[in-house]
Structure formats: C-alpha cells, structure tokens
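Peer 1: Going by our numbering, the residue at position 64 of the sequence shown is 64; the numbering climbs one at a time, nothing skipped. Don't be surprised by glycine CBs; every beta carbon is placed ideally from N, CA and C. Here you go, one structure.
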Amino acid sequence: MTVPLLSNWQGINTDRKGRVVNRLGEKRPSWLVSLWGGLFNLIIYAIFGLVMWNFNRLTLYARLYPNGSLFARLERIALALTVILLATSAVHELGHLLAGRLAGLRFHILEIGPLRVTREGGQLKIGWNRGMLFSGMAASVPGEGVLSNLRGRMLAFALGGPLASLLMAIVAAVLFWWWQGRLDLRTQAWMLETAAMTAILSFVFFMTAMKPGRYQNGLSADGDRIVSLIQGGPAATRWCALVALNGTDLQGIRPKLWDEQLVHQAMMLQDASYDTLTARLMGYQWALDNGHIVQAAAWLDEALENWQTWSVGQHARLVLEKAYLLARFEKDAENGRFWYEKIPAHRLQTLWKFRAHAAILLAEGNSSAALQEIHTGLARLASMPKTGTNIAEKNWLEELKQIAETAVS
Numbered sequence: 001m002t003v004p005l006l007s008n009w010q011g012i013n014t015d016r017k018g019r020v021v022n023r024l025g026e027k028r029p030s031w032l033v034s035l036w037g038g039l040f041n042l043i044i045y046a047i048f049g050l051v052m053w054n055f056n057r058l059t060l061y062a063r064l065y066p067n068g069s070l071f072a073r074l075e076r077i078a079l080a081l082t083v084i085l086l087a088t089s090a091v092h093e094l095g096h097l098l099a100g101r102l103a104g105l106r107f108h109i110l111e112i113g114p115l116r117v118t119r120e121g122g123q124l125k126i127g128w129n130r131g132m133l134f135s136g137m138a139a140s141v142p143g144e145g146v147l148s149n150l151r152g153r154m155l156a157f158a159l160g161g162p163l164a165s166l167l168m169a170i171v172a173a174v175l176f177w178w179w180q181g182r183l184d185l186r187t188q189a190w191m192l193e194t195a196a197m198t199a200i201l202s203f204v205f206f207m208t209a210m211k212p213g214r215y216q217n218g219l220s221a222d223g224d225r226i227v228s229l230i231q232g233g234p235a236a237t238r239w240c241a242l243v244a245l246n247g248t249d250l251q252g253i254r255p256k257l258w259d260e261q262l263v264h265q266a267m268m269l270q271d272a273s274y275d276t277l278t279a280r281l282m283g284y285q286w287a288l289d290n291g292h293i294v295q296a297a298a299w300l301d302e303a304l305e306n307w308q309t310w311s312v313g314q315h316a317r318l319v320l321e322k323a324y325l326l327a328r329f330e331k332d333a334e335n336g337r338f339w340y341e342k343i344p345a346h347r348l349q350t351l352w353k354f355r356a357h358a359a360i361l362l363a364e365g366n367s368s369a370a371l372q373e374i375h376t377g378l379a380r381l382a383s384m385p386k387t388g389t390n391i392a393e394k395n396w397l398e399e400l401k402q403i404a405e406t407a408v409s
C-alpha cells in the first residue's frame, strides 16, 4: 500500500449533523476549543495592547536607567527572555512530575530545552535533547502493581503542569506589584521588568497548555487530557491503557506478555491523534511478538495511514517495520528493499534499521552481509535500556541470526 499524504486527501466528509470530519472520523473543533481560542486571542491582544501602551515607559527606562534596565541593551533582553522561557518551561514540566509523584506515579523522563533526564534501570541519566530550545516534556508512569484509579492519577499529573504555570504567573505578578515604588530603578529596574515578563509568559504558557484539544502535530494539550479524564469515555480509557502499557514495557516485560485487555483498550478509538498512532505501534509490537503476523501487518498499515507519523518523526520507524514484514515473512526482497530505500540516509541511524536491513539481505540471499547487520544491531542493543521492546528486539535479531548462520553453513 502507499502512504497517503495529507495533501492527497480529497473530498469533505460530514457526520449526520453536517459537521466536518476527516478520514478518521475526527470532528472539527468543539465549542470548548472555540471558546478557548477566543479567550486566548483576547488575552494575546490585551498583552500586545498593554505593551504598546507602556512602550514609551519602556524606552524611558532604557534611557534613564542604562545600568539597571534590560531594555537598554539588546543582548540583555535576549538573555533575559531565554532564561525566563526556560524557567517557565521547567516550572510547568516539574509541576507535572510533582503532581504525578504525589499521585503515586514514577518519574520516567524530563526534557527542558537542551537538557534531557531519564530513568533507566532505576538510575537517572542526564543527556542532551535534540528538540527545540524552549520545548519541554515530562512523563510519569505507574510503577509495578500501581494501576488502581489510574484515571485519577493521570488527572492529577495532567493538572500539575498548568497549575504550576498559573502559580508562577501569579507570584511574578504579585512581585511586580509589590516592587513598584520600592526598588532603586537606577540599578534594579531589571527586577521589575523580569517580574512583568515572567508573569506574561507564564500565563501565556498556562493558556496554551489548557487548550481543550490537540495541537497541530496531533499531540494532546494538557487541557484536552484534563477534559477527557474528567468526562471519562474512550479517549481517557485509551490514554490510561497506553500509560499502563508503557509502564509495563519500562519494567522489562516484552510485548507478548503485555495484558491483552489493555492492548485492545488502547485500540478502541481511532482518530487523527498521536495516541492512535502510539496505540497502533504498541499493538503491532504485541501482535508481532505473539506471532500474529496478519494482525501486526494490519495495525502497521493503519499506523502508516496516520498523517501524524510525519509530524512526530515516526514515519521512518514505521516504514522500516513495513520493509521488515515484507522481507521476513513474505520473502519479498524487492518490495522490502523498495520500502527500505524510502528512508533518507540520515534517518537510517536507528536501532530498527538493522533488523529490517538484515531481513532484506536474507531474502536477497546475502547471508554474510545480513550477519554483519545483525551483529551491529545486537552490539547497539547491549548498551540500551532493558525495556520490554528492546528485549523483544534482541530476540527478533537472534532469530534472524540463526537463519543467517544456517544459510552460511
């Protein structure tokens, strides 16, 4: 099958009430999203108006207090904005983690700007994040045996970030109000300016996070999570199932041993969200590890049809899995190679490349080259966390290794 691009989608579909829906049955934004959009635009215009109203005051500060005002030098304001944006992101993500901790969840990952902290094998590892400078992400998962009231625990986690951002905005606004008339502006104007910028940016961060819908890349905003968890229903059930499966994977339990009921709960809703993509990928891994190849292929094709694969960087991974299935189980070296070569060279530096390429080489009859790929993949795996999916990956590579060694001998 071919991978449909968003630009190839033709026609406009509607439901029984005439509301526009897309191929996956996704309705146009609800009234909550429309209300949020109106409030967000109103706040942005209000902030812009406030800045313009005080523009003369800002320029006056820069002229009168060259040693104390951030606006006196371009590099000062650039540095201040960088620090404030990183601090705002950090407070938001740490709010998620703190709330998750209080709810009984276990820390998994924290990304703030260029910093990345993960828990691997019970130990914290610090590394570099290749995402955007001011982006942030936090994730907590249930520990072993902690699945009771998971919806309530995840609601606390989802609320933690926005509440932390709102609290930061309030504290900064109070400081701005308190410091007026109490600071020596000749040397301390920067404190007043920092408080004002922090209050504004943190409140904008709060409003952005509270969007009761999804962002353009298909990822759910905190507001979307909060609304769905309060209401219950398929979206909340799906997310909780995905969180539970992710926690199981991090405990080192391979996909074929995952709770089948959780797998099917994750599959119960199909829309144009990142959760649907994640569910199809996890379902694919479960089916593949259990030897249900037809089901695995069907779920992989559904994942490939989701245009979110392009926006969240999962497309190369799924294409490699497609190439692997064709070469490994259908012995179709030609089409396996065709899919494999769809991936640009810089996207092939991934763990899954070795299994896909080895399967293709075996189907082409090049067992020696396949063994080299397999050994490289196993060596890469040796230094990676012992998650359930990595354990399964090792097993899949070892199966290919046995086939290749038999062919060589």
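Kindly give me the distance between the Cβ atoms of Trp190 and Ser69, rounded to whole angstroms, as I take these residues to be in contact under 8 Å.
Peer 2: Numbered from its first residue, the sequence shown carries residue 190 at position 190. Numbered from its first residue, the sequence shown carries residue 69 at position 69. Taking a contact as a CB-CB distance under 8 Å, the pair Trp190 and Ser69 counts as one, their CB atoms being some 6 Å apart.
Peer 1: Label Leu42 either buried or exposed according to how many other C-beta atoms from any shown protein chain fall within 10 Å of its C-beta, with 16 as the threshold for buried.
Peer 2: Locating residue 42 in the sequence shown gives position 42, where the first residue counts as 1. With fewer than 16 other Cβ atoms within 10 Å, it is exposed.
Peer 1: For Leu397, which of Trp339, Phe205, Lys211 and Arg328 has the nearest alpha-carbon?
Peer 2: Start at 1 with the first residue of the sequence shown, and residue 397 comes out as number 397. Sorting Trp339, Phe205, Lys211 and Arg328 by C-alpha distance to the C-alpha of Leu397 places Arg328 at the top.
Peer 1: Is the Cβ-Cβ distance between Gly247 and Pro142 less than 7 Å?
Peer 2: Numbered from its first residue, the sequence shown carries residue 247 at position 247. Numbered from its first residue, the sequence shown carries residue 142 at position 142. It is a contact, given that the beta carbons lie within the stated cut-off.
Peer 1: Just the Cα atoms here: how many angstroms apart are Leu24 and Leu32?
Peer 2: To locate residue 24, count along the sequence shown from 1; it is residue 24. To locate residue 32, count along the sequence shown from 1; it is residue 32. Caution is warranted here: a pLDDT of 46 is assigned to Leu24, below 50, making its placement in the model unreliable, and no coordinate value can be reported.
Peer 1: If we require 4 or more residues per run, which alpha helix (DSSP H) segments fall completely within the stretch 330-361?
Peer 2: 333-340
Peer 1: May I ask you to check if the CB of Leu397 is nearer than 6 Å to at least one heavy atom of the ligand SAH?
Peer 2: Within the structure as shown, the ligand SAH is missing, as the structure has no ligands at all.
Peer 1: Could you tell me which uninterrupted alpha helix (DSSP H) segments, each at least 4 residues in length, are contained entirely in the stretch 221-309, listed from first to last along the chain?
Peer 2: 222-231, 234-250, 260-266, 274-289 and 293-305
Peer 1: Opposite Trp128 in the DSSP bridges: which residues?
Peer 2: In the sequence shown, residue 128 corresponds to position 128, counting from 1. When DSSP reads this structure, Trp128 sits in a beta bridge with Leu115.
Peer 1: Count the C-beta pairs between the stretch 352-366 and the stretch 223-234 that are closer than 8 Å, then say yes if the count reaches three, no if not.
Peer 2: The stretch 352-366, when compared against the stretch 223-234, does not touch it at the 8 Å Cβ threshold.
Peer 1: Determine the closest residue to Asn164 out of Ala78, Ser202 and Asn335, with distance taken between C-alpha atoms.
Peer 2: Sequence index remark: in the sequence shown, residue 164 carries index 164 (1-based). Per the sequence shown, the amino acid found at residue 164 is Ala instead of Asn. Ranking Ala78, Ser202 and Asn335 by Cα distance to Ala164 puts Ser202 first.
Peer 1: Please return the same chain residues whose Cβ sits closer than 8 Å to the Cβ of Lys125, not counting the five positions on each side in sequence.
Peer 2: By 1-based counting over the sequence shown, the position of residue 125 is 125. Contacts found: Val117, Thr118 and Arg119.
Peer 1: How about Phe40 and Gly100: are their beta carbons less than 7 Å apart?
Peer 2: In the sequence shown, residue 40 corresponds to position 40, counting from 1. In the sequence shown, residue 100 corresponds to position 100, counting from 1. It is not a contact, given that the beta carbons lie outside the stated cut-off.
Peer 1: Provide the residue(s) that pair with Ala138 in DSSP beta bridges, ordered along the chain.
Peer 2: Here residue 138 corresponds to residue number 138 of the sequence shown, with the count starting at 1. The partner list for Ala138 (beta bridge, DSSP) reads Leu110.
Peer 1: Here's the rule: buried if 16 or more other CB atoms are within 10 angstroms of the residue's CB, otherwise exposed. What is Arg73?
Peer 2: Position 73 of the sequence shown, counted from the start, is the residue given in the question as residue 73. Exposed is the call here.
Peer 1: Drop a sphere of 10 angstroms on the beta-carbon of Leu50, count the other beta-carbons inside from all chains shown, and report buried for 16 or more, exposed for fewer.
Peer 2: As a working note, residue 50 is residue 50 in the sequence shown. It counts as exposed.
Peer 1: Go ahead and label Pro234 buried or exposed: buried means 16 or more other beta carbons lie within 10 angstroms of its beta carbon, across all protein chains shown.
Peer 2: Against the sequence shown, residue 234 aligns to sequence position 234. It is exposed - the Cβ of Pro234 has fewer than 16 other Cβ atoms within 10 Å.
Peer 1: Ala333 and Ala363: beta carbons closer than 7 Å?
Peer 2: For the purposes of this step, residue 333 is taken as the residue at position 333 of the sequence shown. For the purposes of this step, residue 363 is taken as the residue at position 363 of the sequence shown. Their beta carbons are under 7 Å apart, which means Ala333 touches Ala363 by this criterion.
Peer 1: Can you tell me the Cβ-Cβ gap for Ile84 and Thr187, rounded? I've got them flagged as a contact below 8 Å.
Peer 2: Within the sequence shown, residue 84 is the residue found at index 84, counting from 1. Within the sequence shown, residue 187 is the residue found at index 187, counting from 1. With 8 Å as the limit, Ile84 and Thr187 do not qualify as a contact, their Cβ atoms being about 20 Å apart.
Peer 1: According to DSSP, which residues form a beta bridge with Gln424?
Peer 2: Given that the chain is displayed from residue 1 to residue 409, the structure contains no residue 424 and the question cannot be resolved.
Peer 1: Let's test the definition: count the other Cβ atoms within 10 Å of the Cβ of Trp286 and tell me whether it reaches 16, buried, or not, exposed.
Peer 2: Here residue 286 is taken as the residue at index 286 of the sequence shown, counted from 1. Buried is the call here.
Peer 1: Pull the bridge partners of Arg214 from the DSSP assignment, please.
Peer 2: By 1-based counting over the sequence shown, the position of residue 214 is 214. Answer is Ser220, bridged to Arg214.
Peer 1: Applying the criterion that 16 or more other CB atoms from any shown protein chain within 10 Å of the CB defines a buried residue, is Glu373 buried or exposed?
Peer 2: To locate residue 373, count along the sequence shown from 1; it is residue 373. Answer is buried; the Cβ neighbour count reaches 16.
Peer 1: Which whole-angstrom value describes the C-beta separation of Phe416 and Ala169, a residue pair presumed to lie in contact below a C-beta threshold of 8 Å?
Peer 2: In the structure as shown, the chain starts at 1 and stops at 409, and residue 416 therefore has no counterpart that could be examined.
Peer 1: Run the CB neighbour count on Ile44, radius 10 Å, all protein chains shown included, and call it buried at 16 or more, exposed below.
Peer 2: Start at 1 with the first residue of the sequence shown, and residue 44 comes out as number 44. Ile44 should be labelled exposed.
Peer 1: Which whole-angstrom value is the C-beta distance of Thr387 and Leu281, which I expect to be below 8 Å?
Peer 2: As a working mapping, residue 387 is identified with position 387 in the sequence shown. As a working mapping, residue 281 is identified with position 281 in the sequence shown. Their Cβ separation, rounded to whole angstroms, is 14 Å, which puts Thr387 and Leu281 out of contact at 8 Å.
Peer 1: In the structure shown, what three-state DSSP assignment does Leu133 receive?
Peer 2: Taking the sequence shown and counting its residues from 1, the one referred to as residue 133 is at position 133. DSSP places Leu133 in coil when its eight states are reduced to three.
Peer 1: Indicate whether Ala323 and Tyr340 have their beta-carbon atoms separated by less than 7 Å.
Peer 2: Sequence index remark: in the sequence shown, residue 323 carries index 323 (1-based). Sequence index remark: in the sequence shown, residue 340 carries index 340 (1-based). Against a cut-off of 7 Å, the Cβ pair of Tyr340 and Ala323 comes out as a contact.
Peer 1: So what's Leu70 in DSSP terms, helix, strand or just coil?
Peer 2: The count along the sequence shown starts at 1 and reaches residue 70 at position 70. It is helical.
Peer 1: Exposed or buried, what is Gly218 when buried is set at 16 or more other beta-carbons lying within 10 Å of its beta-carbon?
Peer 2: The residue labelled residue 218 in the question sits at position 218 within the sequence shown. Gly218 should be labelled buried.
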